[in-house]
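Q:
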Amino acid sequence: MRGNAEAHQMVAPGTLAGVLELIAGEPGAWTPIAGGTELMVAHAAGRLPASRLVSLWGIADLCFIASRAEGIVIGAGATFTDIRNHDGVAADLPLLARAATWIGSIANQSRATIGGNLVNGSPAADSSPALLVYDAEVELISVRGKRLIPYRAFHTGYKRNALAPDELLYAIHIPRRFAGHRQYLRKVGTRRAMAVAKVALGATALIENGIIGELRLAAASLAPFPARLYCTEDSLCGKRIDTASIRAARATLLAEVLPIDDIRSTAEYRRRVAANLLEEFLTELQNTERPQ
Amino acid sequence: MSATWPAIRIIVNGAQREVSVPPMKRLLDVLREDLHLTGAKEGCGEGECGSCTVRMDGELVNSCLVPVLQAEGARVETVEGLARDGEMHPLQQAFLACGGAQCGICTPGMLMAAAHLLEHNPHPALAEIREGLSGNLCRCTGFIRIFESVIAAASQTEQTRHAG
Chain A
1 MRGNAEAHQM
11 VAPGTLAGVL
21 ELIAGEPGAW
31 TPIAGGTELM
41 VAHAAGRLPA
51 SRLVSLWGIA
61 DLCFIASRAE
71 GIVIGAGATF
81 TDIRNHDGVA
91 ADLPLLARAA
101 TWIGSIANQS
111 RATIGGNLVN
121 GSPAADSSPA
131 LLVYDAEVEL
141 ISVRGKRLIP
151 YRAFHTGYKR
161 NALAPDELLY
171 AIHIPRRFAG
181 HRQYLRKVGT
191 RRAMAVAKVA
201 LGATALIENG
211 IIGELRLAAA
221 SLAPFPARLY
231 CTEDSLCGKR
241 IDTASIRAAR
251 ATLLAEVLPI
261 DDIRSTAEYR
271 RRVAANLLEE
281 FLTELQNTER
291 PQ
Chain B
1001 MSATWPAIRI
1011 IVNGAQREVS
1021 VPPMKRLLDV
1031 LREDLHLTGA
1041 KEGCGEGECG
1051 SCTVRMDGEL
1061 VNSCLVPVLQ
1071 AEGARVETVE
1081 GLARDGEMHP
1091 LQQAFLACGG
1101 AQCGICTPGM
1111 LMAAAHLLEH
1121 NPHPALAEIR
1131 EGLSGNLCRC
1141 TGFIRIFESV
1151 IAAASQTEQT
1161 RHAG
């Protein structure tokens, strides 16, 4: 069933203040649309429920990437082309820069925004594992003001998030303090471009005297929303990486993840690949930490 | 329904155009139905195949995923704008010479993606061509002749530059 353009109202206030006032006046009535790479797919298929849309595309107050002493702040309207072309992101947030190149194709990256990626809340979202292992915070905005919450608390269920009906995602704050950490990100999909992740795993780890001091692990497509793997992290913190700790971590991960069978893969394949990705990362750590 | 829609202005291939259509109408449909520019094709209709690829304000986009209201005031370039003064673009010549086009459905999108690539990277390596065209699917050529076409166009541009 083809979507009918006439069935949808769409406005473009052109300013952040204009959008915030509009959605504050009728909380929940307006669906924000940025680059349209998700909502327009639903529209084409005739399954876009939103009858009233408010455009965020091109709003200057949302389109920025700012380097600050403590980290990098990315406006929700920054596209993945903006992100992959930004020298500061490439230098300080290599996992995010790499994830930006994985999203769809060049034509999708020029339209898809990081804010849309997070608010859409796909369990397979490409930017999420990197943001989770960098311990990002998200800044939400409404006419009532701004608030900052950890990104790990943003997703609250399948396609549900912490935004109030009158709020927008304003910016993502990503600290620079992971420069000294070992970093890992790998996505497994059907092909390099245009593929939704079957599984993705991200990691940052601080190794001190051969012991894992700090560890963050995050996965896509292994739960109803992108999430940290806290149990697996806890099973490794304070441990030396060896055959026994790797085996134990694999078992913990397999017990922690909640993948499903769907059109792209099976739960069993996802579990096995996720454990293999974890082992790949830990083996890399082990090899570089081993005394020469 | 005979609603009157507000006018939306778009600069298409350098010319100011104005359409009165629903704001959620897809740019692809506006180009094809209202402006009669039928070069951009609808393939998948969900941003995966690239046959509707055009450029908007210098960026490559899938026109099936752009609500036309978001193109208000934008510069849109379609495959119809590639040829100049009746002379084919070097990429169009190369696609002809190298067998880069067969059934033709993907060709307008391939040409736009290739033109975008060469504008930013005049002498791309094969891996860069593969990435630049990775959002454009072809079901006839097996891609190799398309990649050869882009390589040929890039080298022709270089020869022209040296000759000039």
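As given, the protein sequences belong to chains A and B, one line each in that order.
Residue 1 is where the first sequence starts when you use my numbering, and the numbers rise one by one after that.
Residue 1001 is where the second sequence starts when you use my numbering, and the numbers rise one by one after that.
Glycine included, C-beta positions come from ideal geometry on N, C-alpha and C.
Since the model is a prediction, treat every value here as computed from it, not as a measurement.
According to DSSP, is residue 28(A) part of a helix, a strand, or is it coil?
A: Per DSSP, reduced to three states, the secondary structure at residue 28(A) is coil, with no helix or strand assignment.
Q: DSSP three-state label for residue 68(A), please.
A: Three-state result, residue 68(A): coil.
Q: Residue 1100(B) bridges to which residues according to DSSP?
A: DSSP lists no partner for residue 1100(B).
Q: Just grab the DSSP bridge partners of residue 1089(B) for me.
A: BP columns for residue 1089(B) are empty, so no partner.
Q: Is the CB-CB distance between residue 1135(B) and residue 1124(B) below 8 Å?
A: At a Cβ-Cβ threshold of 8 Å, residue 1135(B) and residue 1124(B) do not count as neighbours.
Q: Hey, does residue 12(A) have any beta-carbon neighbour from chain B nearer than 8 Å?
A: Closer than 8 Å to some Cβ of chain B, the Cβ of residue 12(A) qualifies, so yes.
Q: So with Cβ pairs under 8 Å, would you call residue 110(A) a contact of chain B?
A: yes
Q: Report the option in 73(A), 21(A), 4(A), 211(A) whose CA atom is closest to the CA atom of residue 165(A).
A: When only C-alpha atoms are compared, the closest one is 21(A).
Q: Tell me which residue opens and which closes the beta strand (DSSP E) that residue 206(A) is part of.
A: 199-208
Q: Do we get a CB-CB distance below 8 Å when we pair residue 57(A) with the residues of chain B?
A: yes
Q: Does any residue of chain A bring its CB to less than 8 Å from the CB of residue 1108(B)?
A: no
Q: Note down the Cα distance separating residue 1142(B) from residue 81(A), rounded to an integer number of angstroms.
A: Pairing residue 1142(B) with residue 81(A), the inter-Cα distance amounts to about 28 Å.
Q: Taking a contact to mean a Cβ-Cβ separation below 8 Å, would you say residue 106(A) touches residue 136(A) in this structure?
A: no
Q: Does DSSP put residue 150(A) in a helix, a strand or coil?
A: Of the three classes helix, strand and coil, the one that applies to residue 150(A) here is strand, per DSSP.
Q: If we count the other Cβ atoms within 10 Å of its Cβ and call it buried at 16 or more, is residue 99(A) buried or exposed?
A: A residue is called buried when at least 16 other Cβ atoms come within 10 angstroms of its Cβ; residue 99(A) meets this threshold and is buried.
Q: Determine the chain E residues that contact residue 1140(B) at a beta-carbon separation under 8 Å, and present them in chain order.
A: Considering every chain present, this structure includes no chain E. Its protein chains are A and B.
Q: Using the beta-carbon count (16 or more within 10 Å), is residue 1096(B) buried or exposed?
A: So residue 1096(B) ends up on the exposed side.
Q: Could you please give the first and the last residue of the uninterrupted alpha helix (DSSP H) stretch that includes residue 109(A)?
A: 106-109 is the extent of the alpha helix (DSSP H) around residue 109(A).
Q: Kindly say whether residue 65(A), judged by its beta-carbon, lies nearer than 8 Å to any beta-carbon of chain B.
A: Not one chain B Cβ lies under 8 Å of residue 65(A).
Q: Would residue 105(A) count as contacting chain B if we go by Cβ distances under 8 Å?
A: yes
Q: Looking at the structure shown, is residue 1061(B) part of a helix, part of a strand, or coil, going by DSSP?
A: strand
Q: Would you kindly check if the distance between the Cβ of residue 174(A) and the Cβ of residue 131(A) is under 8 Å?
A: yes
Q: Taking only beta-carbon positions, decide if residue 22(A) is within less than 8 Å of chain B.
A: no
Q: So that I know if they touch, is there some Cβ in chain A lying closer than 8 Å to that of residue 1064(B)?
A: yes
Q: When you compare the CB of residue 1025(B) with every CB in chain A, is at least one pair closer than 8 Å?
A: The C-beta of residue 1025(B) comes closer than 8 Å to at least one C-beta of chain A.
Q: Using DSSP with H/G/I as helix, E/B as strand and the rest coil, what is residue 1056(B)?
A: strand
Q: Closest by CA to residue 1101(B), which one among 1114(B), 1145(B), 1079(B), 1006(B)?
A: 1145(B)
Q: Terminal residues of the continuous beta strand (DSSP E) containing residue 215(A)?
A: 211-220
Q: Does residue 43(A) come out as helix, strand or coil in the three-state DSSP assignment?
A: helix
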